[in-house]
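**Q** Take a look at this one; I'll ask things after.
There are 2 protein chains.
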Amino acid sequence: MQHGQDSEDFRQSPVHDDITALQARVDQLQLEAETANSRAVRALADFQNYQRRATLNEQAARVSGASSVAMSVIQALDTFDIALRATDANASAEQVLRGVRVIQEELLRALEKHGVVQITPMPNDEFLPGVHEAVMQQAREGVSPGHIVDTFQPGFILRGAEGERVLRAAKVIVAPKE
Amino acid sequence: MQHGQDSEDFRQSPVHDDITALQARVDQLQLEAETANSRAVRALADFQNYQRRATLNEQAARVSGASSVAMSVIQALDTFDIALRATDANASAEQVLRGVRVIQEELLRALEKHGVVQITPMPNDEFLPGVHEAVMQQAREGVSPGHIVDTFQPGFILRGAEGERVLRAAKVIVAPKE
Chain B
1348 MQHGQDSEDF
1358 RQSPVHDDIT
1368 ALQARVDQLQ
1378 LEAETANSRA
1388 VRALADFQNY
1398 QRRATLNEQA
1408 ARVSGASSVA
1418 MSVIQALDTF
1428 DIALRATDAN
1438 ASAEQVLRGV
1448 RVIQEELLRA
1458 LEKHGVVQIT
1468 PMPNDEFLPG
1478 VHEAVMQQAR
1488 EGVSPGHIVD
1498 TFQPGFILRG
1508 AEGERVLRAA
1518 KVIVAPKE
Chain E
1348 MQHGQDSEDF
1358 RQSPVHDDIT
1368 ALQARVDQLQ
1378 LEAETANSRA
1388 VRALADFQNY
1398 QRRATLNEQA
1408 ARVSGASSVA
1418 MSVIQALDTF
1428 DIALRATDAN
1438 ASAEQVLRGV
1448 RVIQEELLRA
1458 LEKHGVVQIT
1468 PMPNDEFLPG
1478 VHEAVMQQAR
1488 EGVSPGHIVD
1498 TFQPGFILRG
1508 AEGERVLRAA
1518 KVIVAPKE
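These protein sequences, in sequence, are chains B and E.
Numbering of the first sequence is given in this note's numbering, commencing with residue 1348 and proceeding in unit increments.
Numbering of the second sequence is given in this note's numbering, commencing with residue 1348 and proceeding in unit increments.
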């Protein structure tokens, strides 16, 4: 068995060891490539699922933000009905106006619950561009040049975890600069 | 050069061809595994970046939903100031109340802009669980059993692209079932 002897020799030769090692390396790399491939496929699939969910979550977050403010306003609106029902025919204008001020306060508190705060600068407050908007210039005693004389229309700021955001600048009258 | 002759023989042998093929396969698989690995790493990195962004987007969407309703309410609130300023000392209670109703309408319109609609069922309307909440039973002529007699407190519904959502059920008086 010349041939048998040859292959017996070959199995014990260093060349055979090389081939075995290479074959093992091929098997190992094949497994590695497959594993990496399925990791990539899974990551992409997870990503796409997440994208779909994220879009829905974003829509839901917008609606939930809007609803929560709406709900607070709705509760304040109930005060209107109560006020309108409770006011008897003999109420004075003064009494009704007091009621209006109460409702206004109620609505402002409803907004405050959501971080919305009214800005009503006081005379001689520093003028802050962005937060204040000058609609008129007028000198007034005791007010430094360029400073606020009076608030014409209140502004609103939204205070959140991410910082402050001006919803509407307060319209103010400023003293002219020298 | 016995050894030289040996290696020359070996380079031309079928065993050498096997080793060359295996080596080529190893190189190819190594490249495949690397490519798949970097695809997986990139997909995971993209995914993580997207997750961070999505969380921020969600927060921003909530704030933007809340702010947009708040802005509409703020504009309605201005009407209060105008009303309070414009009302002269001689206004009658009746006139002030009319003003209050105007402001109430204004606020309801502000909410409507965001899909928030008031529910005020009419007498003899069908009672819809979820949309209506029975707070009292009372028989009334002309109202079918189990139907609505009167609205005690209006409800609110949010109409959006995704359908309707009851923000608050309308509190109603229902006629008792037979």
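All C-beta atoms in this analysis are idealised placements derived from N, C-alpha and C, irrespective of residue type, glycine included.
Keep in mind the model is a prediction, meaning the values are calculated, not measured.
If I'm right that ALA1390 of chain E touches PHE1394 of chain B with Cβ under 8 Å, what's the distance once you round it to whole angstroms?
**A** Translated into positions along the second sequence, residue 1390 of chain E becomes position 43. Translated into positions along the first sequence, residue 1394 of chain B becomes position 47. The pair is a contact, with the Cβ atoms about 6 Å apart (cut-off 8 Å).
**Q** Going along chain E, which residues have a C-beta under 9 Å from ILE1504 of chain B?
**A** Taking the first sequence and counting its residues from 1, the one referred to as residue 1504 of chain B is at position 157. In chain order: nothing, as chain E lies at least about 11 Å away.
**Q** Which of helix, strand or coil does DSSP assign to PRO1468 of chain B?
**A** Position 121 of the first sequence holds residue 1468 of chain B. In this structure, PRO1468 of chain B counts as coil in the three-state DSSP scheme.
**Q** Which residues of chain E have a Cβ atom closer than 7 Å to the Cβ of GLN1377 of chain B, listed in chain order?
**A** For the purposes of this step, residue 1377 of chain B is taken as residue 30 along the first sequence, with counting starting at 1. Here the neighbours are LEU1376.
**Q** Which same chain residues end up closer than 6 Å to VAL1416 of chain B when comparing Cβ atoms and leaving out the 5 residues on each side of it in sequence?
**A** As a working mapping, residue 1416 of chain B is identified with position 69 in the first sequence. Excluding positions up to five away in sequence, the list reads HIS1461.
**Q** If you measure between the beta carbons of GLN1500 of chain E and LYS1524 of chain E, is that distance less than 8 Å?
**A** As a working mapping, residue 1500 of chain E is identified with position 153 in the second sequence. As a working mapping, residue 1524 of chain E is identified with position 177 in the second sequence. No, the pair does not count as a contact, with Cβ atoms beyond the cut-off.
**Q** Shortest alpha-carbon distance to VAL1459 of chain B belongs to which of B:ARG1448, B:GLY1507, B:GLY1489?
**A** Indexing the first sequence from 1 puts residue 1459 of chain B at position 112. With the sequence shown as reference, residue 1459 of chain B is identified as Glu, and Val is not the correct amino acid for it. Checked all of B:ARG1448, B:GLY1507, B:GLY1489; the closest Cα to GLU1459 of chain B is B:GLY1507.
**Q** Go ahead and pull the three-state DSSP assignment for ALA1368 of chain B.
**A** Numbered from 1 along the first sequence, position 21 holds the residue referred to as residue 1368 of chain B. Looking at ALA1368 of chain B - three-state DSSP - the assignment turns out to be helix.
**Q** Could you check the C-alpha separation between VAL1490 of chain B and THR1402 of chain B for me, to the nearest Å?
**A** For the purposes of this step, residue 1490 of chain B is identified with residue 143 of the first sequence, where counting begins at 1. For the purposes of this step, residue 1402 of chain B is identified with residue 55 of the first sequence, where counting begins at 1. Our two residues, VAL1490 of chain B and THR1402 of chain B, have alpha carbons roughly 51 Å apart in a direct line.
**Q** Sort E:GLY1502, E:LEU1505, E:ILE1495, E:ALA1408 by Cα distance to ILE1520 of chain E and report the nearest one.
**A** To locate residue 1520 of chain E, count along the second sequence from 1; it is residue 173. ILE1520 of chain E has its Cα closest to that of E:ILE1495, out of E:GLY1502, E:LEU1505, E:ILE1495, E:ALA1408.
**Q** Across the segment 1424-1431 of chain B and the segment 1446-1453 of chain E, are there enough close Cβ pairs to call them in contact, namely three or more that are closer than 8 Å?
**A** Yes: at least three Cβ pairs fall under 8 Å.
**Q** Between the Cα of THR1498 of chain E and those of E:LEU1514, E:HIS1479, E:ARG1515, spot the shortest distance and give me the residue it belongs to.
**A** Working through the second sequence from its first residue, we reach residue 1498 of chain E at position 151. Ranking E:LEU1514, E:HIS1479, E:ARG1515 by Cα distance to THR1498 of chain E puts E:HIS1479 first.
**Q** In this structure, what does DSSP give as the bridge partners for LEU1391 of chain E?
**A** Start at 1 with the first residue of the second sequence, and residue 1391 of chain E comes out as number 44. The partner list for LEU1391 of chain E (beta bridge, DSSP) is empty, contrary to what the question assumes.
**Q** Taking Cβ-Cβ distances shorter than 7 Å, what residues in chain E pair up with ALA1438 of chain B?
**A** Counted from its first residue, the first sequence places residue 1438 of chain B at position 91. Neighbours of ALA1438 of chain B on chain E, chain order: ALA1440.
**Q** With burial defined as no fewer than 16 other Cβ atoms inside 10 Å of the residue's Cβ, what is the status of SER1419 of chain E: buried or exposed?
**A** Here the question's residue 1419 of chain E lines up with position 72 in the second sequence. Burial call: buried.
**Q** Determine whether the beta carbon atoms of VAL1443 of chain E and ALA1440 of chain B lie at a separation below 8 Å.
**A** To locate residue 1443 of chain E, count along the second sequence from 1; it is residue 96. To locate residue 1440 of chain B, count along the first sequence from 1; it is residue 93. The answer is yes: Cβ separation under 8 Å.
**Q** On the CB-based measure, 16 or more other CB atoms within 10 Å of its CB, does VAL1410 of chain B come out buried or exposed?
**A** The count along the first sequence starts at 1 and reaches residue 1410 of chain B at position 63. Under this definition VAL1410 of chain B is a buried residue.
**Q** As a quick exercise: from E:VAL1464, E:GLU1488, E:VAL1482, pick the residue whose alpha carbon is nearest that of PRO1470 of chain E.
**A** Here the question's residue 1470 of chain E lines up with position 123 in the second sequence. If we check each option's Cα against that of PRO1470 of chain E, E:GLU1488 comes out closest.
**Q** Could you name the residues of the segment 1505-1519 of chain E whose beta carbon sits closer than 9 Å to any beta carbon of chain B, in the order they occur along the chain?
**A** LEU1505, GLY1507, ALA1508, GLU1509, ARG1512, LEU1514, ARG1515
**Q** Could you tell me which of E:ARG1456, E:GLN1465, E:ALA1407 sits nearest to ILE1421 of chain E, measuring between CA atoms?
**A** Along the second sequence, read from residue 1 onward, the residue named residue 1421 of chain E stands at position 74. Looking at the Cα atoms, E:ARG1456 is the closest of the given residues.
**Q** Roughly how many angstroms separate the alpha carbons of ALA1438 of chain B and LEU1431 of chain B, rounded to a whole number?
**A** Numbered from its first residue, the first sequence carries residue 1438 of chain B at position 91. Numbered from its first residue, the first sequence carries residue 1431 of chain B at position 84. If you take the alpha carbons of ALA1438 of chain B and LEU1431 of chain B, they lie about 11 Å apart.
**Q** Which chain E residues are close to ARG1409 of chain B, counting only those with a beta carbon under 8 Å from its beta carbon?
**A** Along the first sequence, read from residue 1 onward, the residue named residue 1409 of chain B stands at position 62. Per Cβ cutoff of 8 Å: ALA1408, ARG1409, SER1411, GLY1412.
**Q** So GLN1500 of chain E is in the beta strand (DSSP E); what residue range does that whole segment cover?
**A** For the purposes of this step, residue 1500 of chain E is taken as residue 153 along the second sequence, with counting starting at 1. Per DSSP, GLN1500 of chain E is one residue of the beta strand (DSSP E) stretching across 1495-1500.
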